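In what follows, a structure is listed as structure tokens, so that the remarks can point back to it.
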Amino acid sequence: MSMLKTIASLIYLLSAVCYVIGVHMMRSPKTARKGNLLSGLGMAMAVVMILVEIIAKGTITTIGWAVLFAGLLIGILYGVIKARKVPMTDVPQLVSLFNAVGGGAAATIGIFDYTNEAVGTSLSLAFSIPVLLDIIIGGITFSGSLIATGKLSGHVSGKPIAFPGDKLLNGIAVFAIIIAGVWMIGFPSAYWPMILALCASLIFGLLMTLPIGGADMPVVVSLLNAFTGLAVAFAGFVIDNQVLIIAGALVGAAGTILTLQMAEAMNRSVANIIAGGFGGGESSTGGAGDDVPVNVKKTSPDDVGMQLAYAHNVMIVPGYGLAAAQAQHEVAELAKLLTDADINVNYAIHPVAGRMPGHMNVLLADVNVPYDQMKQLDEANSMFENTDISLVIGANDVTNPLAREKGNAISGMPILDVDKSKSVVVIKRSMSTGYAGVQNPLFSEDQTSMMFADAKKGLQEIIAATKGYLE
Amino acid sequence: MSQELYTNLAIFVLSLLVGFEVMSKIPSTLQTPMMSGANAIHGVVVVGAFVIAAEASNWYFYVLAFLAAFFAAVNVAGGYTVTDRMLGMFNRPKKQPNSADKGGNK
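Taken in sequence, the protein lines are chains A and B. Sequence positions in the first sequence follow UniProt numbering and run 1 to 471. Sequence positions in the second sequence follow UniProt numbering and run 1 to 106.
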């Protein structure tokens with residue numbers, strides 16, 4: 001090893017250590033931010049080192065520098081501006097977009113190296129297998145994540161999209177990937193197998209994501225995140241750079257664990273989600289007639305305001321509907337109003353409330369909700385018995401007592417024991433079921449009353465009413 | 001199998017195991033920032049963009065190098081920025097109690 005190569009290897013190793021320790025530190029809220037900065041520091045070291053390496057190598061042309069820096073500059077500007085300006089409710093789709101381009105970059109590197117080396121030479125398996133996996137996985141995550149971004153942001157319908165022959169087309173795409181794979185490994189001297197592999201993977205990513213409902217998207221984003229990690233690791237094999245292999249594998253494994261945790265909290269299996277077609281999407285509005293249980297009590301904002309003003313302990317149970325209606329400002333305003341009147345207010349946060357695990361905490365932290373008011377599942381459940389009123393906002397399946405029984409779609413899912421509180425007010429747009437497609441008996445219990453409204457509007461009305469009673 | 005491939009494979013497998021281990025117990029509060037942070041880490045693919053830019057020698061390769069640099073830069077710069085923004089919200093100082101105390105003392 002030359003001197004430079006030795007230094008470079010050590011710097012890359014140090015940068016990999018930064019990622020691992022950084023991820024480790026991100027497991028606790030106290031050290032999480034420092035952990036991310038440490039991982040960023042590792043990234044900066046790797047970038048500076050590769051810069052030194054290619055300057056020393058001296059093969060890069062002037063145009064090479066130009067395209068490299070043009071791409072980096074535009075990319076950094078775009079990425080940073082997007083990341084700074086995005087409202088916190090839109091973070092999931094932004095993460096998905098960043099994931100898409102990461103996969104795109106990994107696939108591009110694979111395409112570059114394949115076309116660079118494959119012309120007229122026979123390639124070793126040690127090169128052709130990683131390059132093939134890099135292009136295929138990168139292609140799948142690129143198109144799949146773009147669709148996920150579209151679904152989360154509403155540019156693509158959040159409902160499961162299916163069309164006649166989609167399974168057949170899917171099968172053809174998989175078949176084409178296999179053919180292209182064998183072709184690339186067996187006869188690696190032409191562009192066509194690579195192009196076929198790329199196109200088939202892009203189509204497969206598209207077809208894989210389209211049939212999945214919007215509420216399942218977080219799990220899919222997380223899964224694709226893990227995929228991108230693997231694509232990057234294979235890109236590392238292709239260009240023989242260990243820092244890509246380490247970081248990629250780290251993300252691949254970590255992303256897999258995260259995906260399993262999310263799916264588990266929703267009582268779904270990852271295979272189930274990927275297969276799609278579960279229930280009817282998260283807000284099936286059709287058939288409202290047969291959906292309505294007989295004994296639901298309706299309530300008004302005025303009534304809710306009065307109940308809140310005379311309560312001692314209030315528990316707010318935020319759900320997907322709150323995130324979708326972007327009502328976090330209103331909920332914080334209401335909570336502050338009550339806290340200022342010496343009423344105890346806490347938030348019961350289910351692990352999968354919001355659009356991603358932990359997303360609700362981010363949304364609430366964004367509007368200055370004190371960290372100690374956010375109660376996680378177990379702690380919240382120990383508090384419901386002493387709760388005068390539970391305000392369920394846009395949450396459904398995570399409060400469904402049927403989960404305690406056997407033989408239905410949500411059996412065994414950990415839930416918030418909202419039904420143990422003295423009274424329950426549910427703010428919801430309609431009686432439609434959650435995305436699990438199961439009726440919620442909580443809604444027809446004696447202590448429960450329903451307020452049919454959009455979370456944002458409904459809360460504004462409740463705030464106005466509460467103010468009246470507190471004065 | 002060459003020594004080089006074996007080394008890379010060993011690194012790959014061991015890194016996977018480290019990833020499983022380091023990630024196994026995450027409080028749900030931190031799962032979204034964690035996903036975003038992991039997303040930023042695979043932005044390391046930007047190193048690969050440098051490597052291919054150094055080898056590019058005709059327009060076809062320049063286009064690919066540009067694309068890879070652009071994609072990877074969005075991933076890495078955006079990823080770290082948005083993760084930091086999210087995590088910054090968790091240790092925001094509580095302004096009101098402090099300022100109220102100070103006001104009371106004066």
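Just so it is clear, CB atoms sit at the ideal spot from N, CA and C, and this is done for glycine as well. Values in this document were obtained by computation on a predicted structure and should not be read as measured data.
Other residues of its chain near residue i: CB distance less than 7 Å, five sequence neighbours each side excluded
| i | result |
| --- | --- |
| A/Thr-209 | Gly-144, Ile-147, Ala-148, Val-220 |
| A/Ala-455 | Gly-321, Leu-322, Ala-325, Ala-327, Ile-393, Gly-394, Ile-427 |
| A/Thr-339 | Val-345 |
| A/Met-26 | Ala-32, Gly-35, Asn-36 |
| A/Leu-230 | Ile-137, Gly-248, Gly-252 |
| A/Asn-361 | Ile-349, Met-374 |
Residue i classed as buried or exposed, judged by whether at least 16 other C-beta atoms fall within 10 angstroms
| i | result |
| --- | --- |
| A/Tyr-310 | exposed |
| B/Leu-64 | buried |
| A/Lys-151 | buried |
| A/Gly-165 | exposed |
| A/Thr-108 | buried |
| A/Asn-295 | exposed |
| B/Val-46 | buried |
| A/His-359 | buried |
| A/Val-17 | exposed |
| A/Thr-228 | buried |
| A/Thr-89 | buried |
| A/Gln-261 | buried |
| A/Met-3 | exposed |
| A/Tyr-12 | buried |
| B/Gln-3 | exposed |
| A/Leu-77 | exposed |
| A/Glu-330 | buried |
| A/Phe-443 | buried |
| A/Val-48 | exposed |
| residue 169 of chain B | Outside the shown range of chain B (1 to 106) lies residue 169 of chain B, about which nothing can therefore be said. |
| A/Arg-404 | exposed |
| B/Phe-71 | buried |
| A/Pro-87 | exposed |
| A/Ala-6 | According to the sequence provided, residue 6 of chain A is Thr. The question's Ala does not apply to it. By the neighbour-count rule (16 or more Cβ atoms within 10 Å), A/Thr-6 is not buried but exposed. |
| A/Glu-67 | For clarity, residue 67 of chain A is Val in the given sequence; the question names Glu instead. Answer is buried; the Cβ neighbour count reaches 16. |
Nonlocal neighbours in the same chain, by C-beta distance under 6 Å from residue i, ignoring five residues either side
| i | result |
| --- | --- |
| A/Lys-297 | Ser-449 |
| A/Gly-181 | Leu-132 |
| A/Asp-290 | Per-residue confidence for A/Asp-290 stands at a pLDDT of 40, beneath the threshold of 50, marking its modelled position as unreliable; the derived number appears in the next sentence. Nothing meets the Cβ criterion. |
| A/Leu-244 | Val-232, Ala-235, Gly-236 |
Sequence-distant residues of the same chain with beta carbon closer than 8 Å to residue i, five excluded per side
| i | result |
| --- | --- |
| B/Tyr-62 | Ala-56 |
| A/Leu-206 | Ser-143, Gly-144, Ile-147 |
| B/Met-86 | Thr-32, Pro-33, Ser-36 |
| A/Ile-161 | Leu-210, Pro-211 |
| A/Gln-242 | Ser-9, Tyr-12, Leu-13, Ala-16, Gly-236 |
Contact list for residue i against chain B, beta-carbon separation under 7 Å
| i | result |
| --- | --- |
| A/Ser-222 | Met-35 |
| A/Asn-361 | Thr-29 |
| A/Arg-429 | Result: empty, since nearest Cβ-Cβ is about 24 Å, beyond 7 Å. |
| A/Ala-235 | Val-45, Gly-48 |
| A/Pro-351 | Ser-28 |
| A/Met-217 | Residues of chain B passing the Cβ test: none, with the nearest at roughly 12 Å. |
| A/Asp-366 | Met-89 |
| A/Val-232 | His-42, Val-44, Val-45 |
| A/Asn-99 | Asn-39 |
| A/Thr-228 | His-42 |
| A/Arg-404 | The contacting residues do not exist; A/Arg-404 stays about 20 Å from chain B at best. |
Chain B residues whose Cβ lies nearer than 8 Å to that of residue i
| i | result |
| --- | --- |
| A/Gln-376 | Pro-27, Ser-28, Thr-29 |
| A/His-24 | Val-22 |
| A/Ile-63 | Ala-56, Tyr-62 |
Where residue i meets chain B, residues with beta-carbon distance less than 9 Å
| i | result |
| --- | --- |
| A/Met-356 | Gln-31, Thr-32, Met-35 |
| residue 499 of chain A | In this structure chain A extends from 1 to 471, so residue 499 of chain A is not present and cannot be described. |
| A/Gly-150 | Within chain B, no residue comes near A/Gly-150; the closest Cβ sits about 17 Å away, beyond 9 Å. |
| A/Val-20 | Ser-15, Val-18, Gly-19, Val-22 |
The ligand ATP heavy atom lying under 7 Å from the CB of residue i
| i | result |
| --- | --- |
| A/Gly-139 | Looking for the ligand ATP in the displayed structure turns up nothing, as the structure carries no ligands at all. |
Item to check | Contacting positions in the region 1–25 of chain B - beta carbon closer than 9 Å to chain A | outcome: Met-1, Ser-2, Glu-4, Leu-5, Thr-7, Asn-8, Leu-9, Ile-11, Phe-12, Val-13, Leu-14, Ser-15, Leu-16, Leu-17, Val-18, Gly-19, Phe-20, Glu-21, Val-22, Met-23, Ser-24, Lys-25
Checklist entry - If you measure beta-carbon to beta-carbon, which residues of the region 29–44 of chain A are closer than 8 Å to chain B? => result Listed in sequence order: Pro-29, Lys-30, Ala-32, Arg-33, Gly-35, Asn-36, Leu-37, Ser-39, Gly-40, Met-43.
Checklist entry - Any chance the region 307–321 of chain A sits against the region 347–366 of chain A, with 3 or more Cβ pairs inside 8 Å? => result yes
Item to check | Cβ contact check for the region 68–78 of chain B and the region 91–103 of chain A: 3 or more pairs under 8 Å | outcome: yes
Item to check | Touching by the beta-carbon criterion (3+ pairs, under 8 Å), the region 248–265 of chain A and the region 125–140 of chain A | outcome: Too few Cβ pairs lie closer than 8 Å, so no.
Item to check | Selection of the region 240–261 of chain A by Cβ proximity to chain B, strictly under 8 Å | outcome: Answer in chain order: Asp-240, Asn-241, Gln-242, Val-243, Leu-244, Ile-245, Ile-246, Ala-247, Gly-248, Ala-249, Leu-250, Val-251, Gly-252, Ala-253, Ala-254, Gly-255, Thr-256, Ile-257, Leu-258, Gln-261.
Checklist entry - Are there three or more Cβ pairs, one per stretch, closer than 8 Å when the region 361–378 of chain A is compared with the region 35–42 of chain B? => result no
Checklist entry - For the region 48–61 of chain A, which residues have a beta carbon sitting closer than 7 Å to at least one beta carbon of chain B? => result Cβ contacts with chain B come from Ile-50, Leu-51, Ile-54, Lys-57, Thr-59, Ile-60, Thr-61.
Item to check | Cβ contact check for the region 453–470 of chain A and the region 430–440 of chain A: 3 or more pairs under 8 Å | outcome: no
Item to check | the region 376–393 of chain A touching the region 411–425 of chain A, judged by at least three CB pairs closer than 8 Å | outcome: With three or more CB-CB distances shorter than 8 Å, the region 376–393 of chain A counts as touching the region 411–425 of chain A.
Checklist entry - Does the count of Cβ pairs from the region 40–53 of chain A and the region 5–24 of chain A closer than 8 Å reach three? => result With a cut-off of 8 Å on Cβ pairs, the region 40–53 of chain A is in contact with the region 5–24 of chain A, counting three or more such pairs.
Checklist entry - Of the residues that make up the region 69–94 of chain A, which ones have a beta carbon closer than 9 Å to any beta carbon in chain B? => result Phe-69, Ala-70, Gly-71, Leu-72, Leu-73, Ile-74, Gly-75, Ile-76, Leu-77, Tyr-78, Gly-79, Val-80, Ile-81, Lys-82, Ala-83, Arg-84, Val-86, Met-88, Val-91, Pro-92, Leu-94
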